[in-house]
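Peer 1: I'd like to ask some things about the structure below.
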């Protein structure tokens with residue numbers, strides 16, 4: 001089977017003509033047949049395409065030829081909806097977004113064709129619907145309880161939104177619809193709080209190069225435009241998976257979420273999402289249950305960690321997934337004797353595979369926003385451990401300008417499915433110890449971590465993305481880099497001399513195994529002129545000794561690597577509640593969620609199935 005490359009796989013997920021169908025117009029039906037052909041091959045991201053096929057079968061068959069309707073129906077009846085079904089495929093089914101998409105299209109397919117036999121699993125539609133409903137309810141409950149594993153992702157939130165919107169529109173179960181609306185509320189609230197002027201650019205569990213470098217290229221830009229309306233784009237693209245949200249009929253967006261997304265006041269927000277691997281044994285009753293513990297671990301993409309390896313092998317063998325192209329290398333350790341004697345966790349501890357960094361663990365995220373800029377950081381996120389697609393911090397100064405640092409990493413594999421992360425700009429090779437307090441960010445990079453199994457040659461430098469051509473002024477002086485965009489200022493301070501890559505004038509490099517980066521933002525109101533801002537930055541007394549960094553200026557900042565962060569001698573707590581914000585405080589594992597901003601509110605109670613929003617009385 002020839003696999004599509006990444007551009008095709010992540011390309012057209014919906015047929016553009018669906019907008020015309022929604023307006024009761026006829027279309028060229030070949031675009032539907034092309035989508036079905038992709039799904040029939042069971043290529044990765046086939047589930048993305050299934051979203052639009054299910055919507056079309058429910059809502060638009062009266063506008064289509066019988067031939068096209070039958071092609072769609074056959075595609076739906078023949079599809080492989082879950083990992084435990086027979087037949088080989090090259091699909092990623094298990095990540096957080098894919099779990100919800102596969103489960104939703106299976107549920108709705110079963111609801112649409114309850115008495116038909118689905119050929120791949122030889123099950124009726126009713127049986128498929130019942131099976132998928134359990135997974136959907138687990139997924140919704142875990143998101144309400146723990147937040148999103150792929151935290152603040154301006155890539156994968158789009159792919160969560162699509163099935164949620166579809167389920168809201170098409171499910172006949174009112175309680176399920178209400179709970180699904182709650183999760184949409186939580187997701188959009190997250191986007192409202194961690195976006196700035198309609199740009200959802202913050203620390204993130206999974207983020208890619210173009211989405212970090214160009215805010216207007218974010219996959220979620222259409223959603224933020226529809227919800228918040230900042231005129232960041234002119235037209236909607238109906239070939240994207242979020243078309244399901246664009247065309248949604250039954251979701252009522254709480255006004256308080258819209259208002260929070262348009263709040264221009266200076267604001268600090270802290271939240272906690274996901275679970276650390278060490279928390280799994282405390283949160284799940286049956287650590288051997290695939291449908292609960294197993295699927296949560298696989299949503300984290302925790303495959304080769306000592307806490308998860310036994311579950312990985314259990315799923316791999318019970319569901320016969322050894323030939324899946326994403327999982328094929330497990331053959332080297334899939335030995336009955338190793339599994340029976342429980343030796344795999346010990347072997348992983350000895351080997352220290354670089355793939356441990358793929359696991360997306362709990363994030364304590366911080367964001368500071370003003371009318372001039374925003375900056376966000378994952379506080380003390382697993383310093384010195386291996387990483388993958390996690391985006392640790394970012395400053396955004398305009399619709400075009402972002403600044404961030406990374407330690408370049410190299411993908412452990414070279415095949416088409418797994419060769420794109422981490423890389424020079426995506427994610428990190430080794431996590432820094434990063435912290436932020438309002439407009440000041442600090443990252444200490446220690447690149448001397450123990451070498452990992454199948455790790456490529458480790459880069460012994462870090463670098464900043466700094467698009468100097470987009471600034472009005474840029475000044476580089478030894479280990480200081482300054483930029484001005486209109487009335488917003490930024491300073492980067494490094495331990496060692498900074499140099500721009502002669503082949504890429506956005507790439508500012510700092511050599512060294514043990515280094516730091518400091519980012520400080522300013523503006524014309526607080527700092528007066530750009531000249532005064534630079535003078536103030538150069539006046540900061542900086543000391544770095546024994547992995548402890550101290551900055552003495554108006555405030556005193558102290559960060560000791562893998563230890564405490566202090567401001568003015570007070571230890572800053574970087575372990576957060578589920579939410580700490582001006583709009584409401586929410587404990588971890590909440591039973592209810594209350595949000596209020598000015599005269600509007602949102603109240604959610606998952607167990608009691610209560611969803612209320614509107615104006616306060």
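Numbering (my numbering), first residue to last: 1 to 617. Think of the CB as a built atom: it goes at the ideal place given N, C-alpha and C, for glycine as much as any other residue. Predicted, not measured: the structure shown is a model, and the values here were computed from it.
(1) Buried or exposed: residue 106, going by 16 or more other Cβ atoms within 10 Å of its Cβ?
(2) Give every residue of the same chain whose Cβ lies closer than 8 Å to the Cβ of residue 600, excluding the five residues on either side of it in the sequence, and list them in chain order.
(3) If we count the other Cβ atoms within 10 Å of its Cβ and call it buried at 16 or more, is residue 264 buried or exposed?
(4) Rounded to the nearest angstrom, what separates residue 191 and residue 597 at their Cα positions?
(5) Thinking C-alpha only, which one of 383, 602, 239 is nearest residue 13?
(6) Round the Cβ separation of residue 430 and residue 387 to the nearest angstrom and send it over; I've been treating them as touching at under 8 Å.
(7) Just to confirm before moving on: does the CB-CB distance between residue 556 and residue 569 stay below 8 Å?
(8) Taking the C-alpha atoms as reference points, what is the distance between residue 1 and residue 43?
(9) Which same chain residues, not among the five before or five after residue 58, have their C-beta less than 7 Å away from its C-beta?
(10) Would DSSP call residue 330 helix, strand or coil?
(11) Using only the alpha-carbon positions, how far apart do residue 487 and residue 372 sit?
(12) Measuring CA to CA, which of 553, 549, 576 is closest to residue 565?
(13) Starting from residue 464, trace the alpha helix (DSSP H) in both directions and tell me its first and last residue.
(14) Output the distance between the C-alpha atoms of residue 705 and residue 261, rounded to the nearest integer angstrom.
(15) Tell me whether the beta-carbon of residue 182 lies closer than 8 Å to the beta-carbon of residue 148.
(16) Applying the 10 Å Cβ sphere with the 16-neighbour rule, what's the burial state of residue 485?
(17) Give me whichever residues DSSP pairs with residue 501 in a beta bridge.
(18) Where does the unbroken alpha helix (DSSP H) through residue 32 begin, and where does it stop?
(19) From the DSSP output, which residues share a beta bridge with residue 611?
(20) Is DSSP giving residue 360 helix, strand or coil here?
(21) Since residue 160 contacts residue 100 with CB under 8 Å, what's their CB separation in whole angstroms?
(22) Can you tell me which of the three DSSP states residue 139 falls into?
(23) Which runs of the beta strand (DSSP E) spanning at least 3 residues fall entirely within the segment 423-479, listed in chain order?
(24) Let me know the secondary structure DSSP gives residue 579 once reduced to three states.
(25) Quick check on the DSSP output: what are the complete alpha helix (DSSP H) runs of length 4 or more inside the segment 93-144, in order along the chain?
(26) In three-state DSSP terms, what is residue 515?
(27) Using only the alpha-carbon positions, how far apart do residue 524 and residue 332 sit?
(28) Counting pairs of Cβ atoms below 8 Å between the segment 198-213 and the segment 390-403, do you hit three or more?
(29) With distances taken between CB atoms, is the gap from residue 461 to residue 493 smaller than 8 Å?
(30) Mind reading off the beta-carbon distance from residue 395 to residue 490? Whole number of angstroms is fine, and I expect it under 8 Å.
(31) Since residue 540 contacts residue 553 with CB under 8 Å, what's their CB separation in whole angstroms?
(32) Taking residue 385 as the reference, which of 280, 361, 592, 120 has the closest Cα?
(33) For residue 354 and residue 452, what's the separation of their Cα atoms in angstroms?
(34) Would you mind reading off the limits of the alpha helix (DSSP H) that contains residue 74?
(35) Give a yes or no on whether the C-beta atoms belonging to residue 232 and residue 199 are separated by under 8 Å.
(36) Do you know offhand how far residue 39's Cα is from residue 505's?
Peer 2: The structure says:
(1) Counting of Cβ neighbours within 10 angstroms places residue 106 among the buried residues, the total reaching 16 or more.
(2) Result list for residue 600: 254, 255, 256, 259, 613, 614, 615, 616, in chain order.
(3) Per the 10 Å Cβ criterion, exposed.
(4) When rounded, the distance between both Cα atoms is 15 Å.
(5) Considering only alpha carbons, the answer is 239.
(6) Their Cβ separation, rounded to whole angstroms, is 6 Å, which keeps residue 430 and residue 387 in contact under 8 Å.
(7) Contact check for residue 556 against residue 569 passes: the beta carbons are separated by less than 8 Å.
(8) Residue placement at residue 1 cannot be trusted, given a pLDDT of 49 that sits under 50; what the coordinates show is reported in the next sentence. Residue 1 and residue 43: Cα-Cα distance of roughly 9 Å.
(9) Taken in chain order, the residues that qualify are 112, 170.
(10) The answer is helix: DSSP assigns residue 330 an H, G or I state.
(11) Roughly 7 Å between the two C-alpha positions.
(12) Of 553, 549, 576, the residue nearest in Cα terms is 549.
(13) Not the alpha helix (DSSP H): residue 464 falls in the beta strand (DSSP E), residues 461-465.
(14) Outside the shown range of the chain (1 to 617) lies residue 705, about which nothing can therefore be said.
(15) No. Outside cutoff.
(16) Of the other Cβ atoms in all chains shown, 16 or more fall within 10 Å of the Cβ of residue 485; this residue is therefore buried.
(17) Residue 501 is bridged to 504.
(18) Boundaries of the alpha helix (DSSP H) harbouring residue 32: 30-40, taken from the DSSP string.
(19) Per DSSP, the beta-bridge partners of residue 611 are 604.
(20) When secondary structure is reduced to three states using DSSP, residue 360 falls in the coil class, being assigned neither helix nor strand.
(21) Confirmed, Cβ separation roughly 6 Å.
(22) In this structure, residue 139 counts as helix in the three-state DSSP scheme.
(23) With a minimum length of 3 residues, the continuous beta strand (DSSP E) runs that stay inside the segment 423-479 are 433-437, 440-446, 461-465, 473-477.
(24) Residue 579 carries a strand assignment under DSSP once its states are collapsed to helix, strand and coil.
(25) If only complete runs of 4 or more residues are kept, the segment 93-144 shows the alpha helix (DSSP H) at 96-112, in order along the chain.
(26) The answer is strand: DSSP assigns residue 515 an E or B state.
(27) Put simply, the backbone Cα of residue 524 is about 59 Å away from that of residue 332.
(28) Contact between the segment 198-213 and the segment 390-403 is present, because at least three Cβ pairs lie under 8 Å.
(29) For residue 461 and residue 493, no; Cβs fall outside 8 Å.
(30) Contact holds; Cβ gap of about 6 Å.
(31) The C-beta separation of residue 540 from residue 553 comes to about 4 Å, placing the pair in contact by the 8 Å criterion.
(32) Ranking the options by Cα distance to residue 385, first place goes to 361.
(33) Their backbone Cα atoms lie some 5 Å apart in a straight line.
(34) Where residue 74 is concerned, the enclosing alpha helix (DSSP H) stretches over 66-78.
(35) Taking C-beta atoms as the reference points, residue 232 and residue 199 count as a pair closer than 8 Å.
(36) Here the alpha carbons of residue 505 and residue 39 stand approximately 41 Å from one another.
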